[in-house]
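Residue numbers (our numbering): 362 to 664.
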């Protein structure tokens with residue numbers, strides 16, 4: 362089963378190629394766009410080929426999916442759905458915007474959500490759906506966005522800042538918004554540190570890095586850096602892993618040793634994309650192998 366953000370792949374590729382001409386050199390939309398329609402799709406595979414598929418639901422830009430026991434969490438653009446044998450519940454928060462990931466704690470009692478549109482990580486009690494923790498990039502040293510029209514830096518904040526010019530205040534998330542290229546960190550994934558759940562492992566798209574966030578102090582320490590538009594950072598007993606999306610690499614880091622797996626020479630990429638790479642995400646499978654989504658070749662690769 363997979364989440365498909367947008368059934369119109371060509372529209373996604375067109376926006377991506379257009380963003381290469383942004384004045385600030387940042388990848389992503391420069392204007393707030395209307396959410397697209399995607400869905401939750403089930404597949405059956407045989408010898409690397411899709412044999413059948415079924416669309417279970419159509420949603421506004423679903424991205425995140427996580428399972429714990431018989432409970433499934435799925436995110437749409439600004440809602441999270443929780444499903445199990447007892448029924449369907451929805452989780453809403455005024456600070457939800459372009460949710461990218463959801464992740465259960467080891468015991469299934471808590472749920473982490475990356476609200477990428479506002480650079481915030483939010484945690485919820487699964488039984489009550491009450492917010493139990495939050496971490497704001499803007500209030501922890503990552504508050505410098507970019508004006509996509511001029512390329513100038515702007516400070517992002519939830520309230521006015523005295524003595525500072527060029528401040529973009531997001532006071533009412535129902536009417537204020539940030540396009541991708543204007544965000545500061547653009548946290549496109551967060552999950553619990555599998556070795557210590559007192560830390561979150563978050564991927565900062567614009568920073569090109571994966572950070573370990575101490576939930577007590579709020580401090581963010583880089584685990585892997587120097588990537589280009591990364592996704593899917595994680596840390597478990599095997600070490601840290603992330604996908605360097607635009608360089609077409611999966612990066613593994615353990616005890617200061619970095620290993621890179623490059624997809625750049627693989628066949629079946631459309632000629633119109635030239636040298637461009639886009640690995641959307643990677644996950645470690647139970648047997649220790651890695652599954653990577655290669656968007657430009659519309660394929661899953663297991664290695």
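Note that CB positions come from ideal geometry on N, CA and C, so glycine has one too.
Asked                                                                                                                        : Found
DSSP state of residue 501 mapped onto helix, strand, coil                                                                    : coil
Residues sharing a beta bridge with residue 604, DSSP                                                                        : 592 and 611
Residues of its chain near residue 497, where Cβ-Cβ distance is below 6 Å and the 5 sequence neighbours each way are ignored : 481
N-terminal and C-terminal residue of the beta strand (DSSP E) that residue 449 is part of                                    : 448-452
The region 593-601 in contact with the region 642-662 per 3-pair CB rule at 8 Å                                              : yes
Residue 423 CB to nearest heavy atom of the ligand HEM below 6 Å                                                             : This structure lacks the ligand HEM, and indeed carries no ligand of any kind.
Helix, strand or coil at residue 472 [DSSP, three-state]                                                                     : strand
Beta-carbon proximity check, residue 499 vs residue 476, cutoff 7 Å                                                          : no
Nearest-angstrom Cα separation, counted from residue 431 out to residue 514                                                  : 46 Å
Reduced DSSP secondary structure (H/G/I, E/B, other) of residue 579                                                          : coil
Residue range of the unbroken beta strand (DSSP E) whose run includes residue 364                                            : 363-365
Distance between residue 625 and residue 608 (C-alpha atoms, nearest Å)                                                      : 8 Å
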